[in-house]
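In the working numbering, the protein residues as written are 1069 to 1295.
Beta carbons are placed, not taken as given, at the ideal position from N, Cα and C, and that holds for glycine.
Since we're looking at a predicted model, the values are computed, not measured.
See structure below.
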Amino acid sequence: MDHNKLDFSVVLGASMHDMKNSLCMLLQSMETISQSIEQTPQAQSEFAKIHYEVARVNSNLLQVLALYREHNAQLPLNIEEHFLDDLVDELLAKNELYITNKNIDVSCDIEQDLAWFFDADLIANLLNDILINALKYTASKILISVHQQNDKLVIEIHDNGEGYPESMLEKANNEMSSALISQGRTGLGIYFANLIASAHVNKETKGHIALANDGRLGGSKFTLVLP
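See the structure below:
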């Protein structure tokens, strides 16, 4: 065996991890700059667009990194108890700049004092990607609903956009496979969401996701169910 041979998978994993850290630092710096300088409305709009695109790339990179780890059986779950209102607050804080600039009305319906056991980093990344997608395609409103139902945690993200394409609904709800990735970046996000959801298992019951166009706001509805 040639011990000097380059293991591309190791290099790829390390590079993705390093890029993820750099993008996180860039996002934090952009938020700090946005708060510390005066900007014209046009500049604010352009700044919000840049922030959104960087956040989108960061989310995409996190997905690829998670998929890489899962492919190499290196996707351990750190299951701990977390309060859902804290999770949602952090989710909205990450996207506050874009939400504010685009005047998107985001409302929350969260069951009081609800806590659950899950991997906070993976679930936060999953929901952040779904929210980023909803922010792009909504007409003006988003609703985040969190409640307990049949001893399971149910998180829903609704918007008042045009809804998911029919082809994506069929693949996502009937045949959750790598074929989804052919749907573009949104397809990759849904594939990633299903991977993370199904990795959460309690008493032989797996988590799952569902897509629909019967949301409470008249547009799409993404549902995450954790046991």
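Ser1184 versus Asp1154: straight-line alpha-carbon distance, rounded: As a working mapping, residue 1184 is identified with position 116 in the sequence shown. As a working mapping, residue 1154 is identified with position 86 in the sequence shown. The sequence as given places Trp at residue 1184; Ser does not occur at that position. Spanning the two alpha carbons is a distance of roughly 12 Å.
Contact between the segment 1267 to 1287 and the segment 1221 to 1232 (3+ Cβ pairs under 8 Å): These segments touch.
Three-pair Cβ contact test at 8 Å for the segment 1208 to 1216 versus the segment 1163 to 1181: The segment 1208 to 1216 makes contact with the segment 1163 to 1181, as at least three CB pairs between them are under 8 Å.
Beta-carbon proximity of Leu1294 to Ser1288, cut-off 9 Å: Mapped onto the sequence shown, residue 1294 falls at position 226. Mapped onto the sequence shown, residue 1288 falls at position 220. Their beta carbons are not under 9 Å apart, which means Leu1294 does not touch Ser1288 by this criterion.
Short Cβ contact (9 Å threshold) for Glu1296 with Val1214: Given a span of 1069 to 1295 for the chain in the structure shown, any question on residue 1296 remains unanswerable.
For Ile1172, the three-state DSSP class (helix, strand or coil): Looking up residue 1172 in the sequence shown gives position 104. Assigned with DSSP and collapsed to three states, Ile1172 falls in coil, not helix or strand.
CB-CB length for Asp1189 against Ser1127, believed under 8 Å: Locating residue 1189 in the sequence shown gives position 121, counting from the first residue. Locating residue 1127 in the sequence shown gives position 59, counting from the first residue. The beta-carbon separation of Asp1189 and Ser1127, rounded to 13 Å, does not stay under the 8 Å limit for a contact.
Sequence-distant residues of its chain with Cβ nearer than 7 Å to Leu1199 (five each side left out): For the purposes of this step, residue 1199 is taken as the residue at position 131 of the sequence shown. Sequence-distant Cβ neighbours of Leu1199 in its own chain, meaning closer than 7 Å and more than five residues away, are Leu1159, Asn1163 and Ile1225.
Residues of its chain near Met1266, where Cβ-Cβ distance is below 7 Å and the 5 sequence neighbours each way are ignored: The sequence position of residue 1266 within the sequence shown is 198, counting from 1. Met is not the amino acid found at residue 1266; the sequence shown has Ser there. Answer for Ser1266: Lys1274, Gly1275 and His1276, listed in chain order.
Start and end residues, alpha helix (DSSP H) containing Lys1204: Position 136 of the sequence shown, counted from the start, is the residue given in the question as residue 1204. Judged by DSSP secondary structure, Lys1204 falls within the alpha helix (DSSP H) whose first and last residues are Ala1188 to Tyr1205.
Coil, strand or helix - Leu1285 by DSSP: Numbered from its first residue, the sequence shown carries residue 1285 at position 217. Residue state for Leu1285 is assigned as coil, using DSSP reduced to three classes.
His1268 - DSSP class collapsed to helix/strand/coil: Locating residue 1268 in the sequence shown gives position 200, where the first residue counts as 1. Under the three-state reduction of DSSP output, His1268 falls in the coil class, being neither helix nor strand.
Close Cβ partners of Ile1113 (< 8 Å) along its chain, the five nearest in sequence each way excluded: Translated into the one-based positions of the sequence shown, residue 1113 becomes position 45. The sequence given here has Ser at residue 1113, not Ile. Asn1169, listed in sequence order.
Within 9 Å, strictly: CB atoms of Leu1292 and Leu1221: Counting from 1 along the sequence shown, the entry for residue 1292 is found at position 224. Counting from 1 along the sequence shown, the entry for residue 1221 is found at position 153. In this structure, Leu1221 lies closer than 9 Å to Leu1292 by Cβ.
For Ala1280: DSSP bridge partner residues: Position 212 of the sequence shown, counting from 1, holds the residue named residue 1280. Note: Ala1280 sits in a beta bridge opposite Lys1289.
For Lys1204 and Gln1110, the rounded distance between their alpha carbons: Translated into positions along the sequence shown, residue 1110 becomes position 42. Translated into positions along the sequence shown, residue 1204 becomes position 136. One C-alpha to the other measures close to 19 Å.
Residue(s) in a DSSP beta bridge with His1119: Along the sequence shown, one-based indexing puts residue 1119 at 51. Looking at the DSSP assignment, His1119 forms no beta bridge with any residue, so it has no partner.
Selection from Leu1130, Gln1217, Ile1191 and Leu1165 that minimises the alpha carbon distance to Ile1264: As a first step, residue 1264 must be located in the sequence shown, where it is residue number 196. For Ile1264, the nearest C-alpha among the options comes from Ile1191.
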